[in-house]
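Encoded as structure tokens, the structure appears first; notes follow it.
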């Protein structure tokens with residue numbers, strides 16, 4: 001009994017690419033269907049008197065290619081249920097033919113027998129033209145479905161289905177997210193069809209400048225060297241390069257996509273940006289702790305936890321259509337290039353202080369542009385309200401300093417501390433809780449300012465002092481226990497004695 005469905009590959013475009021078995025199947029077909037008649041081999045079929053039905057009329061009506069492919073597969077499936085059919089496609093049935101995949105899946109579900117008769121795909125025609133050895137690893141992508149996430153810049157890549165300059169433009173923009181604008185690519189039209197074959201090398205940014213691009217066009221993208229990766233910077237310099245890392249966010253992103261999916265983790269799925277805030281803060285402080293402890297393994301682990309939070313927030317934003325992980329990476333990459341014109345541009349600096357001045361000037365320019373969009377535009381806009389109090393105070397003071405609102409020497413900051421101390425004492429004597437709170441805040445702000453003059457990070461300094469207090473109090477507690485007591489049963493004199501011992505032990 002004949003198979004319910006025979007699928008034949010028409011080859012890359014020359015009649016000679018049709019196999020003998022394929023030609024026999026076409027000639028003996030009672031009902032022949034073609035996905036499209038826009039293929040060089042079809043003219044030969046017509047000359048040989050073969051009649052067929054194509055689905056070209058559906059292409060103009062479909063809302064998307066995926067919808068179209070499902071529609072064609074469903075029509076063919078229903079036809080096959082009535083009587084056997086032969087379905088012919090360009091190239092090889094299993095190379096870039098989504099309709100074939102869908103049709104075979106439907107047939108298997110209904111136990112319909114399917115026979116596949118291969119043909120020479122455009123890939124076999126491309127290999128000799130480009131001198132490619134596919135055994136080295138080759139990435140094959142569909143121009144109509146590819147995204148930036150599909151790209152792997154260290155692999156040679158073939159992009160198919162570039163059937164118009166409009167598609168070529170979309171492909172170019174996607175590729176330029178990963179490759180340099182001037183990365184040399186090879187456009188191939190009509191591979192294996194002698195009278196139509198055309199091979200052109202050109203820089204990536206010129207991809208959509210070719211007027212002759214049609215349905216027989218493919219693109220070859222050479223791999224980038226391991227040590228280089230294109231980065232798209234706001235400086236507009238297509239020659240900018242960054243170091244390429246073998247590491248990829250994709251595995252972590254894939255795991256989180258699964259966890260946030262319909263069959264994922266219930267806890268993860270109910271999280272929001274707001275609910276995740278405490279975890280991001282906690283993980284950040286644990287990174288700082290690992291740095292202070294000099295624990296490299298712990299630092300690696302804690303940095304991973306922070307990275308998880310970044311991916312988590314990015315995927316939550318993606319679910320709402322706000323932005324994607326790729327946007328986050330691209331944004332910070334552009335910012336780093338933009339704010340380092342002495343590395344990626346032609347600006348000259350003589351010291352690290354010059355770098356800071358440039359950085360602040362560029363940030364101010366960015367903020368000014370944001371102001372044009374109706375956003376706030378002051379020198380303090382960039383200081384987050386969510387920072388710890390000491391850290392925020394220091395950042396505010398630094399910002400004020402950049403515009404000259406600062407003491408010229410540290411002595412001025414010292415005098416301010418003394419002034420605020422006296423005002424605090426006066427508030428205490430007045431027994432005014434509000435006044436004490438106000439003056440104590442002023443004193444803390446003044447102390448932070450003084451520490452800044454000596455390049456002491458007040459947040460870190462207080463943390464170190466708190467850690468020191470914790471160590472000494474723990475020593476005192478242990479000393480009390482050795483004498484069969486606890487902290488509450490020891491006299492103040494005993495506690496002071498143990499405290500002094502703790503201090504001597506740290507010297």
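In full-length UniProt numbering, the protein residues as written are 1 to 507. C-beta: ideal position from N, C-alpha, C; glycine also. Here the structure is a predicted model, which is why all the values come from computation and not from measurement.
**Q.** Terminal residues of the beta strand (DSSP E) in which residue 165 lies
**A.** Residue 165 -> not in any beta strand (DSSP E); alpha helix (DSSP H) instead, spanning 165-175.
Q | Check whether residue 258 and residue 264 have beta carbons under 7 Å apart | A | yes
(Q) Going by C-alpha to C-alpha distance, which of 91, 449, 33 and 478 sits closest to residue 119? (A) 91
Q.
Going residue by residue through the stretch 317-380, where are the continuous alpha helix (DSSP H) segments of at least 4 residues, counting only ones entirely within it?
A. 325-338, 341-344 and 352-372
Q. Hey, quick one: how far does the beta strand (DSSP E) through residue 184 stretch, first residue to last?
A. 184-189
Q) Could you give the distance in angstroms between the alpha-carbon of residue 79 and the alpha-carbon of residue 252? A) 44 Å
Q: Tell whether a beta-carbon distance below 7 Å holds between residue 102 and residue 69.
A: yes
Q: Answer with buried or exposed for residue 76, where buried requires no fewer than 16 other C-beta atoms within 10 angstroms of its C-beta.
A: buried
Q. What residue does the alpha helix (DSSP H) around residue 77 start on, and which one ends it?
A. First-last of the alpha helix (DSSP H) with residue 77: 65-82.
Q: Output the boundary residues of the alpha helix (DSSP H) element that contains residue 447.
A: 433-453
Q.
Quick check: what's the CA-CA separation for residue 64 versus residue 177?
A. 24 Å
Q | Delimiting residues of the beta strand (DSSP E) encompassing residue 156 | A | 156-160
Q | For residue 506, the nearest candidate out of 472, 481, 497 and 93 (CA to CA) | A | Of 472, 481, 497 and 93, the residue nearest in Cα terms is 472.
Q: Have a look at residue 314 and residue 261 and give me their C-alpha separation to the nearest angstrom.
A: Their backbone Cα atoms lie some 15 Å apart in a straight line.
(Q) Please state the DSSP three-state secondary structure of residue 491. (A) Correct three-state label for residue 491: coil.
Q: State yes or no: is the C-beta of residue 492 within less than 7 Å of the C-beta of residue 476?
A: no
Q | Residue of 82, 302 and 194 minimising C-alpha distance to residue 129 | A | Comparing Cα-Cα distances from residue 129 to each of 82, 302 and 194, the minimum goes to 194.
Q. Which value, in whole angstroms, describes the spacing of the CA atoms of residue 489 and residue 387?
A. So the two alpha carbons sit approximately 40 Å from each other.
Q: Express the C-alpha separation of residue 144 and residue 82 in angstroms, rounding to a whole number.
A: 33 Å
**Q.** Helix, strand or coil at residue 387 according to DSSP, with G and I counted as helix
**A.** coil
Q. So, residue 25 versus residue 5, is the Cβ gap smaller than 7 Å?
A. Cβ atoms of residue 25 and residue 5: not closer than 7 Å.
(Q) Could you check whether the stretch 342-349 touches the stretch 306-325, counting it as contact only if at least three pairs of C-beta atoms, one from each stretch, sit closer than 8 Å? (A) Touching, no.
Q. How long is the line joining the alpha carbons of residue 19 and residue 302, rounded to whole angstroms?
A. 59 Å
Q.
Within 10 Å of its beta-carbon, does residue 2 have 16 or more other beta-carbons around it, so buried, or fewer, so exposed?
A. exposed
**Q.** Neighbourhood of residue 436 by C-beta distance below 8 Å, restricted to the same chain and skipping five residues each side
**A.** 424, 427 and 428
Q: Spell out the partners DSSP gives residue 9 in its beta bridges.
A: Answer is 89.
Q. Quick one: Cα of residue 575 to Cα of residue 341, how far?
A. With the chain represented from 1 up to 507, any question about residue 575 goes unanswered, as that position is not in the structure.
(Q) So if DSSP puts residue 115 in a beta bridge, which residue, or which two residues, is it bridged to? (A) 6
Q | Separation of residue 366 from residue 358, as counted between CA atoms | A | C-alpha separation (whole angstroms): 12 Å.
Q) Terminal residues of the continuous alpha helix (DSSP H) containing residue 122? A) 122-130
Q | Extent of the continuous alpha helix (DSSP H) to which residue 525 belongs | A | Because residue 525 is not part of the residues shown, which for the chain are 1 to 507, the question remains open.
Q | residue 306 beta carbon less than 7 Å from that of residue 325 | A | no
Q: Could you give the DSSP three-state label for residue 54: helix, strand or coil?
A: strand
(Q) Quick check on residue 304: buried or exposed, where buried means 16 or more other Cβ atoms within 10 Å of its Cβ? (A) exposed
**Q.** Identity of the residue in 171, 46, 481 and 452 nearest residue 408 by Cα
**A.** Residue 452 is the option with its Cα nearest to residue 408.
Q) Under 7 Å, do residue 519 and residue 220 count as touching if we go by C-beta distance? A) The displayed coordinates of the chain run from 1 to 507. Any statement about residue 519 would go beyond what the structure contains.
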